[in-house]
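Here the structure comes first, spelled out in structure tokens, and everything after it is commentary.
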Amino acid sequence: MKDLLFAVCLLAGLALTNSVQASEWRAVCLKLCKCEVRPWFSPSSMYNEAPTVDCNDLGLLSLPERLPSDTQVLLSQANSIAKIDSPLDYLVNLTEVDLSRNNISSLSDVYLGHLPQLLSLHLEENWLSRLHDNCLANFPNLQELYVNHNLLSLISAEAFRGLNKLLRLHLNSNQLRAIRTEWFQDLFQLEILMIGENPIARIQDMNFKPLINLHSLVLTRMNLTEIPDSALFGLDKLESVSFYDNMFPKVPQAALRQVQNLKFLDLNKNPIERIQRGDFVDMIHLKELELTKIEATNNPRLSYIHPNAFSKLPRLEVGI
Ligand SMILES: *[C@@H]1O[C@H](CO)[C@@H](O)[C@H](O)[C@H]1NC(C)=O
Ligand SMILES: *[C@@H]1O[C@H](CO)[C@@H](O)[C@H](O)[C@H]1NC(C)=O
Ligand SMILES: *[C@@H]1O[C@H](CO)[C@@H](O)[C@H](O)[C@H]1NC(C)=O
């Protein structure tokens, strides 16, 4: 009899724990956030139907304590979160966390736990000023990292250590004064690097050398007047480069000669005056060349184009 009573109590206790948990989840989902299955594309463009918790734009100061255990995508954009101290590692299928437009000023205030399943992390439009060595070591399989539109002035040499699955890195619109080749040491899978809108004084020779799989490089709005001849050395897979809105007075001919697979080249909004004969020589894969726009009109300074400048370029669209 005693045993039976004990068993009944135990079962009742279990049921209570379960229903408390379930009702907590329901409370999170119904009162606070929206929980629904939504289409989700992985960083490599695979389609998924992902259990999504949407807590965007709710004025939150912290994440909900407990989220549904099947959560795959957690959206918490445009809140006021500065600190996270309850880890999310109980969410075994968590593949994306979006904390963009919050109030985070240091990654050491954001403790998400060890998340080997995480593929995509959004931290854009926060107040981060530095990324220290190994600061992302808890996310070893990360494929996309967005830290654009922060205040980053310092990224330590080993900040991206171990991120050898990273495909996409957005560092644009920060306060970086130099690009360090050491950052890229483990990023040999990286396909897209956006690093424009930083006050970078000078691109160095071999600056991007470890990025042997890079497809697209965006160096817009950096006030660059030149790049050294070997700046793009090693970028054998590069297909697209944008120098939009810089201060180049001429086409960086020698540097471009090192990226022979280029298909798309954007030199719009540069004060280029003359196109020389050898400017695009041997760019046999080039499909689209943007050359001239300054403000809304065509480049009034461009006064001379060598008659043979485009002669070896098949099927080319030139935006003039
Ligand atoms: C995680 O995803 C797998 C594969 O889709 C699924 O079988 C499993 O039930 C999910 N785990 C949880 C806790 O939802
Ligand atoms: C965001 O952080 C700044 C300082 O880092 C603080 O002054 C401000 O009150 C915070 N805003 C909110 C909504 O918490
Ligand atoms: C480029 O120069 C302009 C004018 O001096 C300045 O306002 C802007 O902040 C500079 N941009 C960068 C990224 O350094």
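Quick note on numbering: the sequence shown equals residues -22 to -1, 1 to 298 in mature numbering (1 follows the signal peptide of the UniProt record, and there is no 0). The C-beta atom is built at its ideal place from N, Cα and C for all residues, glycine as well. The structure displayed is predicted, hence computed values, not measured ones.
In its own chain, which residues sit with a C-beta less than 6 Å from the C-beta of residue i, not counting the 5 before and 5 after it?
i	result
N248	N224 and F226
M172	H148, N150 and V196
T203	M225
E160	A135
S170	The sequence given here places Ile at residue 170; Ser does not occur at that position. Answer for I170: R146 and S194, listed in chain order.
D87	K61
Roughly how many angstroms lie between the CA atoms of residue i and residue j, to the nearest whole one?
i	j	result
L269	D244	6 Å
N128	S84	11 Å
R279	E251	5 Å
V259	Y124	35 Å
N126	P29	27 Å
K61	I178	30 Å
N80	N191	32 Å
L213	Q236	8 Å
E136	G256	39 Å
S194	R180	20 Å
S220	Q55	29 Å
F162	K9	43 Å
H100	L106	12 Å
P17	K143	23 Å
Q201	C13	Before going on, a small fix: residue 201 reads as Asn here, not Gln. About 45 Å.
L234	Q153	26 Å
T49	V31	7 Å
M261	E217	11 Å
E175	R199	5 Å
Opposite residue i in the DSSP bridges: which residues?
i	result
P42	None; P42 has no bridge partner.
D76	L53 and H100
H148	Y124 and M172
R108	L132
C13	V31
L243	V219 and L267
F19	Y25
I283	I253
L195	L171 and V219
For residue i, which residues from the same chain have a beta carbon less than 8 Å from its beta carbon, with the 5 sequence-adjacent residues on both sides left out?
i	result
I253	V229, L269, L280, Y282, I283, H284 and A287
I59	L38, L39, S40, L41, L77, N80, N81 and I82
F19	Y25 and N26
D111	S134, A135, E136, A137 and R139
D67	L90, G91, H92 and L93
Going by beta carbon distance, what residues of the same chain come within less than 7 Å of residue i, once the five residues before and after it are set aside?
i	result
S98	P21, T73, E74, Q121 and E122
V70	Q95
Lining residues of ligand 1 - beta-carbon closer than 6 Å to any non-hydrogen atom, in sequence order: Counting every residue whose Cβ lies closer than 6 Å to a heavy atom of ligand 1, we get S47, D48, V70 and N71.
For ligand 3, which residues have a Cβ under 5 Å from at least one heavy atom, in chain order? Counting every residue whose Cβ lies closer than 5 Å to a heavy atom of ligand 3, we get P177 and N201.
Below 8 Å, can you find three or more Cβ-Cβ pairs linking the region 179 to 187 to the region 208 to 216? With a cut-off of 8 Å, the region 208 to 216 and the region 179 to 187 count as touching, because enough Cβ pairs lie within range.
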